[in-house]
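A quick write-up on the structure given underneath.
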Amino acid sequence: MILPVILDTCSILNLLRIDDDDEFLYKKLSSLNICICDYVYDEAYKNIGKEGFDDEQREYIRMQMPKFAKYIKHPNKEFKTVYTEEIKRFCNYHKDNGEFYSTLLSLYICREEGCRTFFYTDDFPAKDAFANYFLFQQIGSIGDSVDLLLFLYWANKDFKKTQLQKYFRELYLSYSIPLKRLLEKIHENKDKWIHDRLQDQNFQKNINLLEEGVNNIDLQKIQDVILFFNSNKKKYKEINSLLETFYVIESKAAIAKKIEYIIKNIKDYKIYTKSKC
């Protein structure tokens, strides 16, 4: 039995974004037991036009998306009515989005097919929100695009290590762009901010820590600095306004950090497969 793989919007779009080897990644994905909800299918189409894709990527994704229609699965009406509210209540999650409906679909497929499922999402806050429910219901595991690429690599004999490294570099570039923009904003304003607050040593210390944290993708350091500036929102209004954007890109930062870790380790350690050891 090939276990079900549930994909959400961002995981589909991010893998298609970097699929520039004659549909190589799509072909590998299509060999899996893919399942998606109709909400994800519709959401993916809407998001193609958003910032972050070049014209060539948009054209390719639009060409591939109709092929995903055959993977749409629908929970029955009674199940959906009961467990929509159950999951929201358990997880204290009130958004109607691809991540939520993918979780609902994961539970349905798990019980209908009597097996564990693999749900892949690049939305880290949503991943954290649903993790305990997956554990409580013993649904399966939640991973991201990085995990899925690693799985596709060791599961396919013709997936070369050089390809894997290239895909990771391309994925990293797409996820690190928002962080680079945040760092540029800090660089543009840092001297002025410090000049306006020459007597505020705590400000200078924390703005330097923020710059260091963003530059090194040190998520804990960034969060600590945000707590400092949030402690006096009126005094640090301008910097707090900038830092609000971090909550939007936090998932991207987390995945970029994870890719850095994988790229570093894959140089020194083998990923075991029977055919590639």
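Throughout, the numbering used here is defined as the position within the sequence shown, counted from one, plus 397.
Yeah, the Cβ is synthetic: ideal placement off N, Cα and C, and Gly gets one too.
Just the C-alpha distance for residue i and residue j, rounded to the nearest angstrom, thanks.
i           : j           : result
residue 409 : residue 534 : 25 Å
residue 490 : residue 591 : 40 Å
residue 622 : residue 587 : 15 Å
residue 647 : residue 514 : 26 Å
residue 584 : residue 487 : 42 Å
residue 643 : residue 551 : 34 Å
residue 419 : residue 670 : 24 Å
residue 582 : residue 589 : 12 Å
residue 559 : residue 658 : 17 Å
residue 602 : residue 430 : 51 Å
residue 450 : residue 548 : 25 Å
residue 456 : residue 625 : 44 Å
residue 598 : residue 630 : 17 Å
residue 475 : residue 483 : 13 Å
residue 627 : residue 618 : 14 Å
residue 464 : residue 633 : 49 Å
residue 569 : residue 596 : 39 Å
residue 423 : residue 553 : 13 Å
residue 641 : residue 572 : 18 Å
residue 493 : residue 594 : 43 Å
residue 445 : residue 478 : 30 Å
When DSSP labels each residue in this structure, what does residue i get in the three-state scheme?
i           : result
residue 404 : strand
residue 604 : helix
residue 559 : helix
residue 430 : strand
residue 438 : helix
residue 701 : Residue numbering for the chain in the displayed model covers 398 to 674; residue 701 lies beyond these limits and cannot be assessed.
residue 495 : helix
residue 612 : helix
residue 657 : helix
residue 630 : coil
residue 617 : helix
residue 595 : coil
residue 521 : helix
residue 554 : coil
residue 450 : coil
residue 489 : coil
residue 415 : coil
residue 635 : helix
residue 420 : coil
residue 445 : coil
With distance defined between alpha-carbon atoms, name the residue in the options nearest to residue i.
i           : options            : result
residue 472 : 414, 506, 563, 485 : 506
residue 546 : 629, 399, 406, 415 : 415
residue 406 : 656, 641, 495, 615 : 495
residue 566 : 587, 627, 654      : 654
residue 662 : 479, 562, 476, 523 : 562
residue 509 : 639, 401, 596, 618 : 401
residue 432 : 593, 520, 516      : 516
residue 637 : 579, 425, 554      : 579
residue 524 : 651, 574, 614, 667 : 651
residue 574 : 614, 619, 452      : 614
residue 660 : 564, 632, 620, 594 : 564
residue 656 : 639, 527, 620, 519 : 519
residue 616 : 434, 576, 639      : 576
I'd like to know if residue i contacts chain C, where contact means its C-beta is closer than 8 Å to some C-beta of that chain.
i           : result
residue 648 : Absence of chain C from the displayed structure is noted, only one protein chain being present.
From the DSSP output, read off the bridge partner residues of residue i.
i           : result
residue 514 : 537
residue 469 : 433
Worksheet item: For the 8 Å Cβ check, are there 3 or more pairs between the segment 532 to 546 and the segment 492 to 506?
Response: Contact between the segment 532 to 546 and the segment 492 to 506 is present, because at least three Cβ pairs lie under 8 Å.
Practice prompt. Report yes or no: do three or more beta-carbon pairs, one from the segment 424 to 438 and one from the segment 462 to 469, lie closer than 8 Å?
Written response: Contact holds: three or more Cβ-Cβ distances are below 8 Å.
Worksheet item: Touching or not, the segment 520 to 533 and the segment 609 to 622, by the rule of three or more beta carbon pairs under 8 Å?
Response: The answer is no - the segment 609 to 622 does not touch the segment 520 to 533, with fewer than three Cβ pairs under 8 Å.
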